[in-house]
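The end of the sequence shown is residue 576 by the numbering used here, with every number in the run present.
Below is one structure, written out as structure tokens, with a few remarks after it.
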Amino acid sequence: MPPNDPEQKNLHIGLFLSVLDYCFSPPSEHFYWNQVVNHQESSVLRCTAFFIPSGLFVTMADKTRDRSEIEDVPVEKAESNTVSLKEAHLNIDPALEKKLLWKTDLNLIPITFLLFLCAFIDRINIGNARIQGLEKDLNLQGSDYNIALFMFFVPYILLEVPCNLLLGDAGVLLKKIRPSIFISTVMVFWGVVTVCQGVTQSFAGLVVCRVIIGALEAGFFPGCLYLISMFYKRHELQWRFNLFFSASIIAGAFSGLLAYAIAHMEGIGGYAGWRWIFILEGIFTVVVAIFSFWILPDWPETAKFLKNEERELLIRRLALDVKDATMSHWNKKTAKRVFGDIKIYLGILMYLGIVTTSYSGALFTPTILKQLGWTSIHAQVMSIPIFVAATIFALTAAVLSDKLRHRFGFILAGCVVTTIGYVILLNMRHVAVGARYFALYLIICGGYIAQPITLVWVNNNMSGHYKRGVSSALMVGFGNCGGIVASNMFLSSQAPTYHLGFGLGLALVWLCVLSAIILFFYIRRENRLRDEGRRDDRYQLPEDEKRNLGDDHPAFRFTY
Numbered sequence: 017m018p019p020n021d022p023e024q025k026n027l028h029i030g031l032f033l034s035v036l037d038y039c040f041s042p043p044s045e046h047f048y049w050n051q052v053v054n055h056q057e058s059s060v061l062r063c064t065a066f067f068i069p070s071g072l073f074v075t076m077a078d079k080t081r082d083r084s085e086i087e088d089v090p091v092e093k094a095e096s097n098t099v100s101l102k103e104a105h106l107n108i109d110p111a112l113e114k115k116l117l118w119k120t121d122l123n124l125i126p127i128t129f130l131l132f133l134c135a136f137i138d139r140i141n142i143g144n145a146r147i148q149g150l151e152k153d154l155n156l157q158g159s160d161y162n163i164a165l166f167m168f169f170v171p172y173i174l175l176e177v178p179c180n181l182l183l184g185d186a187g188v189l190l191k192k193i194r195p196s197i198f199i200s201t202v203m204v205f206w207g208v209v210t211v212c213q214g215v216t217q218s219f220a221g222l223v224v225c226r227v228i229i230g231a232l233e234a235g236f237f238p239g240c241l242y243l244i245s246m247f248y249k250r251h252e253l254q255w256r257f258n259l260f261f262s263a264s265i266i267a268g269a270f271s272g273l274l275a276y277a278i279a280h281m282e283g284i285g286g287y288a289g290w291r292w293i294f295i296l297e298g299i300f301t302v303v304v305a306i307f308s309f310w311i312l313p314d315w316p317e318t319a320k321f322l323k324n325e326e327r328e329l330l331i332r333r334l335a336l337d338v339k340d341a342t343m344s345h346w347n348k349k350t351a352k353r354v355f356g357d358i359k360i361y362l363g364i365l366m367y368l369g370i371v372t373t374s375y376s377g378a379l380f381t382p383t384i385l386k387q388l389g390w391t392s393i394h395a396q397v398m399s400i401p402i403f404v405a406a407t408i409f410a411l412t413a414a415v416l417s418d419k420l421r422h423r424f425g426f427i428l429a430g431c432v433v434t435t436i437g438y439v440i441l442l443n444m445r446h447v448a449v450g451a452r453y454f455a456l457y458l459i460i461c462g463g464y465i466a467q468p469i470t471l472v473w474v475n476n477n478m479s480g481h482y483k484r485g486v487s488s489a490l491m492v493g494f495g496n497c498g499g500i501v502a503s504n505m506f507l508s509s510q511a512p513t514y515h516l517g518f519g520l521g522l523a524l525v526w527l528c529v530l531s532a533i534i535l536f537f538y539i540r541r542e543n544r545l546r547d548e549g550r551r552d553d554r555y556q557l558p559e560d561e562k563r564n565l566g567d568d569h570p571a572f573r574f575t576y
């Protein structure tokens, strides 16, 4: 096939968007096309793109089979191949399969959880450092602190979409990169820069460090997501994703606990306590990153924690799980269907509305607690149980949402809980300190209930690798603009009431609610029209176009 062949480009595009399809695929009752796999050359048909600094990594083409090649089997042969896959599935021992899953969980989920925990702590520990004297020692004036916060998100947002949508010739490189090398390398670099935050002597130095950390972390999340998706079927991935994502919530508690302990190092080595927060947490990240090089698994076919027969079983069951993308190629009609879909833009508004609460809670909770009258050290401690509770509620909601196969109600519930918290704090002059503290529980718990379910719900209602990939990239990319908003919600000049911050947070939560309600009624109406046969005219389209409809196909049904 020529290097510039359009079919090859389509293949690269589909492969690197497919991870988001598998990460957020809807329950099994949804409509999917059948896909036939070249079983010998494609062990796992999941991949995504992520940002990689050039020249950092070693390829392993001589050690790993090419997992991106898919053989397009003629339509008339699809049925017989699909039957053979079903027969093969019957030969898999459920007991061995369960044992394999458990072994994979133990070797993959804890280490990726720990890595994400380090990543998020390094992202938000500036909030803990602030109340230990960062602003005073660096002579920050006015909104300088807020500028330092949102500068992290500038490269993070700009690189987030390329991380998910990197296409073309780069795909040849990405499929050969070892995750253990990529992830450990970027972590070492941002860990070193985190340490540098602890020794900087100026506002400019702090901003430069934040920008570099934001750029390096932009490729981390899709990299971990890519790795996890390599080992699980679609219906197995949601719970693992929720466990992985919960590290970002626990980071709020763990960061407060570490800050409480480290703050007692005030004056040691001539450094203030806030400097030790950055130094020690940065060193911890570097140490974890170095060890992760040997601990973190790479591809399933090279996973050292699996025996040969276990690797074969893992590869076999993943191949059985493959379904065909309902958008098999990219053209102008495909682009029109993708970018003209109102669900994507409603999803962006929903995610932007709720992620702002999550970021502001992580960045400003210690500051708000100090304004309630506690000392700096006591405020660090009081932040811990808030994030522990948020973790419990978020995981519980995830389990119930999957069990009930329902998303909309959980999003509304989380937003209502958050709303109550904001209303209490907007009237803080009339309520006791204990009630204000309880309001922070409501805001953060409600926000973390709604945020991951929002992301999953929208993607559950997208069909096709291209559409699901683009929608996820846009949601995460533009949604993370909420980080910039959150960075400027709580200005020092408005302490201690922060009416602008709480009012804006409340307004954005209801932006999420209203967008969710519109989406709910839109997809319910669309399901009704399809049940009545009022979309059946699409069955008359040419076969090639019909197989490229995505969730516009009349057989597809949306979930609530």
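Here a beta-carbon is modelled for each residue, glycine too, at the ideal position from N, C-alpha and C.
### Query
Any idea what DSSP makes of LYS114, helix, strand or coil?
The answer is helix: DSSP assigns LYS114 an H, G or I state.
#### Entry: Coarse secondary structure for VAL447, derived from DSSP in three states
VAL447 falls in the coil class under three-state DSSP.
### Message
Going by C-alpha to C-alpha distance, which of PHE270, GLY286 and ASN476 sits closest to HIS422?
### Response
It is ASN476.
### Task
Tell me, to the nearest whole angstrom, how far the beta carbon of VAL404 is from that of ALA263; I am working on the premise that it is less than 8 Å.
The C-beta distance from VAL404 to ALA263 rounds to 13 Å, too long to meet the 8 Å contact threshold.
### Coil, strand or helix - PRO171 by DSSP
In this structure, PRO171 counts as helix in the three-state DSSP scheme.
### Task
Write down the C-beta distance between GLY230 and VAL170 rounded to the nearest angstrom, noting that I regard them as a contact closer than 8 Å.
The beta carbons of GLY230 and VAL170 sit about 7 Å from each other, so the pair counts as a contact at 8 Å.
### Task
Measure the C-alpha to C-alpha separation of ALA429 and ALA406 and round it to an integer number of angstroms.
Take the alpha-carbon of ALA429 and the one of ALA406: they are about 14 Å apart.
### Query
Fully enclosed by the stretch 421 to 446, which alpha helix (DSSP H) runs are 4 residues long or longer?
Fully enclosed alpha helix (DSSP H) runs of 4 or longer: 424 to 442.
### Message
LEU116 and LEU329 - do their beta-carbons sit closer together than 7 Å?
### Response
Closer than 7 Å, so yes.
### Query
Among ILE427, ASP418, VAL371 and LEU458, which residue has its Cα nearest to the Cα of GLY437?
Among ILE427, ASP418, VAL371 and LEU458, the Cα nearest to that of GLY437 is on LEU458.
### Query
Does DSSP classify GLU317 as helix, strand or coil?
It is helical.
### Query
Where does PRO195 sit, in a helix, a strand or coil, going by DSSP?
In the structure shown, PRO195 adopts helical secondary structure according to DSSP, grouped into three states.
### Message
Rounding to the nearest angstrom, what Cα-Cα distance links PRO199 and CYS240 in this structure?
### Response
For the sequence presented, residue 199 should be read as Ile rather than Pro. Distance between the alpha carbons of ILE199 and CYS240: 8 Å.
### Message
Do ASN141 and GLU297 count as a contact pair if the criterion is CB distance below 7 Å?
### Response
Taking the C-beta atoms as reference points, ASN141 is found nearer than 7 Å to GLU297.
### Query
Nearest CA to the CA of GLY272: which residue from THR120, ILE393, ASP357 and TRP255?
Here the closest residue by C-alpha is ILE393.
#### Entry: Supposed close pair PHE424, ALA532 - CB separation, criterion 8 Å
So it is a contact: roughly 6 Å between Cβ atoms.
### Message
Below 8 Å, how does it come out for the stretch 496 to 504 and the stretch 155 to 170: are there three or more Cβ pairs, yes or no?
### Response
Because the criterion of three Cβ pairs below 8 Å is met, the stretch 496 to 504 and the stretch 155 to 170 touch.
### Message
For ASN543, report the span of its alpha helix (DSSP H) as first-last.
### Response
From DSSP, the alpha helix (DSSP H) with ASN543 extends over 515 to 547.
### Query
How long is the line joining the alpha carbons of ARG327 and THR435, rounded to whole angstroms?
So the alpha carbons of these two residues sit roughly 48 Å apart.
### Message
Here's a check: name, in chain order, each residue in its chain whose Cβ is nearer than 7 Å to the Cβ of VAL447, leaving out the five neighbours to either side.
### Response
So the list reads ILE440, once near-sequence residues are dropped.
### Query
Cα-Cα, which of LEU490, ASP160 and CYS134 is closest to VAL208?
Residue CYS134 is the option with its Cα nearest to VAL208.
### Query
For ASN415, is the classification buried or exposed, using 16 other Cβ atoms within 10 angstroms of its Cβ as the cut-off for buried?
The sequence given here places Val at residue 415; Asn does not occur at that position. With fewer than 16 other Cβ atoms within 10 Å, it is exposed.
### Task
Alpha carbon to alpha carbon, how far is THR216 from HIS46? Give it in angstroms, no decimals.
Unreliable placement is indicated for HIS46, whose pLDDT of 39 sits below 50; the coordinate value is still reported in the next sentence. Whole-angstrom Cα-Cα distance: 53 Å.
### Query
What do you get for LYS577, buried or exposed, if any count of 16 or more other CB atoms within 10 angstroms of its CB means buried?
What is shown of the chain runs 17 to 576, which leaves residue 577 out entirely.
### Task
Look up THR575 in the DSSP assignment and say whether it is helix, strand or coil.
In this structure, THR575 counts as coil in the three-state DSSP scheme.
### Task
Could you round the C-beta distance between THR128 and ILE244 to whole angstroms and report it? I think they count as a contact, below 8 Å.
With 8 Å as the limit, THR128 and ILE244 qualify as a contact, their Cβ atoms being about 6 Å apart.
### Query
Around the C-beta of VAL529, are 16 or more other C-beta atoms found within 10 angstroms, so that it is buried, or is it exposed?
Result: buried.
### Message
Excluding the 5 residues flanking LEU362 on each side, which residues of the same chain have their C-beta closer than 7 Å to its C-beta?
### Response
The answer, listed in chain order, is SER531, ILE534 and LEU535.
### Message
On the criterion of 16 or more Cβ atoms from any shown chain inside 10 Å, does LEU557 qualify as buried, or is it exposed?
### Response
Label assigned to LEU557: exposed.
### Message
Taking the straight line between their C-alpha atoms, what separation do you get for GLN387 and ALA511?
### Response
Cα atoms of GLN387 and ALA511: separation of roughly 7 Å, rounded to the nearest angstrom.
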